[in-house]
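Below is one structure; the comments refer to it alone.
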Amino acid sequence: MTINKSKYGTTPDGISIDCFTLKNKNGVEVEIINYGGIIKSIKVPNKKGVIENVVLGYDSLPQYINGDSYLGATIGRFGNRIANGKFSLDDKEYTLALNNAPNSLHGGDKGFDNVVWNATTKSDENSVSLVLNYLSIDMEEGFPGNLNTTVTFTLNSENTLDILYEASTDKKTIINLTNHSYFNLSGDFKNDILDHKLQIRADKIVPVNKNLIPTGELVSVENTPFDFRSFKIIGADIDADNQQIKFGFGYDHCWVLNNQNEDVRLIAEAYHEESGRVLEVFSDEPGVQFYTGNHLNGTHGKRTGFCLETQHYPDSPNQLNFPSVVLNVGETYKSRTSYKFSVK
Ligand code: BGC
Numbered sequence: 001m002t003i004n005k006s007k008y009g010t011t012p013d014g015i016s017i018d019c020f021t022l023k024n025k026n027g028v029e030v031e032i033i034n035y036g037g038i039i040k041s042i043k044v045p046n047k048k049g050v051i052e053n054v055v056l057g058y059d060s061l062p063q064y065i066n067g068d069s070y071l072g073a074t075i076g077r078f079g080n081r082i083a084n085g086k087f088s089l090d091d092k093e094y095t096l097a098l099n100n101a102p103n104s105l106h107g108g109d110k111g112f113d114n115v116v117w118n119a120t121t122k123s124d125e126n127s128v129s130l131v132l133n134y135l136s137i138d139m140e141e142g143f144p145g146n147l148n149t150t151v152t153f154t155l156n157s158e159n160t161l162d163i164l165y166e167a168s169t170d171k172k173t174i175i176n177l178t179n180h181s182y183f184n185l186s187g188d189f190k191n192d193i194l195d196h197k198l199q200i201r202a203d204k205i206v207p208v209n210k211n212l213i214p215t216g217e218l219v220s221v222e223n224t225p226f227d228f229r230s231f232k233i234i235g236a237d238i239d240a241d242n243q244q245i246k247f248g249f250g251y252d253h254c255w256v257l258n259n260q261n262e263d264v265r266l267i268a269e270a271y272h273e274e275s276g277r278v279l280e281v282f283s284d285e286p287g288v289q290f291y292t293g294n295h296l297n298g299t300h301g302k303r304t305g306f307c308l309e310t311q312h313y314p315d316s317p318n319q320l321n322f323p324s325v326v327l328n329v330g331e332t333y334k335s336r337t338s339y340k341f342s343v344k
């Protein structure tokens, strides 16, 4: 197992950015940059042993700085939407940037995807880790509390990339961290992802209004395009005549994962038959935003990648029936998601 560091670029403020390459004995390779905590590539074999990248990325740092699709990025302080960019804690109202009008999305104007993280590395016989740390100061992007966040990316010899998120605050705050990788297991990004098979271990979704803000109900997937309880081709119902599908321009919804009382468990599995590649996603989170890249355009075509963003439900700070996203002083926020790659 090795981890190598190389210079990747320089930010407009003159900060040098590095690219870390984590590699295991099977030739699996993960590149991560300390700008935005961005996973730049994940190279894994297909069933013939050909190693190819399976996540969308850009070539250069300026593209990441100027891009608006959050490719591969660490998302914080709050993944997903907060209605009208407002929430309250202890009767005090906080206001966030409306960077996805009329809502706040993925941490605001300069979220964790656009900051420089401090990087250290560690390794042992069976794994290599990149440890990224970022101190977000009190009221940065409108969020209360100095939030000290550590994200540890670990690649092991079983072809699993594990992401551990940890954070603590000195004032009561809210938090919802995730990763925004777009997967395309074909390894050829000219192909869309509609032919991938997917299973999501969820009996319900969080329906939304036209602004993609939850209505507050949790609705069964039965007899809807959202039923991925058994493996289904992503493209099968993606353009179905269904109000929720129309609101999302395809899939852009949060699934209410089963077995929330368990810790880390298998929550979703994707399979690309032609390449034989399999992706299993494990997480301790209550939800997963399945987003089919409906708004990708330019460098990457529409629906050429899908995201499985493990997280709490959208707009949780304003939805009192949803699992809490409050982080109190003295508590440690902990969340874990693993992506395991194999072939069949
Ligand atoms: C959201 C989409 C949004 C995308 C931006 C996803 O997490 O659910 O609505 O367009 O991020 O890349």
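Going by our numbering, the first residue of the sequence shown is number 1, and it counts up by one from there. Each residue gets a CB set at the ideal place from its N, CA and C atoms; glycine is no exception. A quick note: this is a predicted structure, and the numbers were derived from the prediction, not measured.
- Across the structure, glutamate 31 and isoleucine 15 are spaced so that their CA atoms are roughly 19 Å apart.
- Not a single heavy atom of the ligand BGC lies less than 7 Å from the C-beta of serine 104.
- Under the 8 Å Cβ criterion, the region 116-133 does not count as touching the region 89-100, having fewer than three qualifying pairs.
- In the structure shown, lysine 246 falls within a helical segment according to DSSP collapsed to helix, strand and coil.
- Rounded to the nearest whole angstrom, the C-alpha separation of arginine 277 and serine 157 is 17 Å.
- Cβ-Cβ distances below 6 Å link phenylalanine 322 to Tyr313, Ser316 in the same chain, with the five nearest sequence neighbours on each side left out; the list follows chain order.
- With fewer than 16 other Cβ atoms from the protein chains shown falling within 10 Å of its own Cβ, alanine 240 counts as exposed.
- A distance below 8 Å separates the beta carbons of glutamate 285 and serine 335.
- Distance between threonine 10 and tryptophan 117, taken at the CA atoms: about 13 Å.
- Screening all residues for a C-beta within a distance smaller than 5 Å of any heavy atom in the ligand BGC leaves Ser69, Tyr70, Asp252, Tyr291, His295, in chain order.
- By the criterion of a C-beta distance shorter than 6 Å, leucine 89 is surrounded in its chain by Lys172, once the five residues flanking it on both sides are discounted.
- Secondary structure of alanine 119 (DSSP, three-state): strand.
- Threonine 304 sits close to asparagine 184, with the two beta carbons spaced by under 8 Å.
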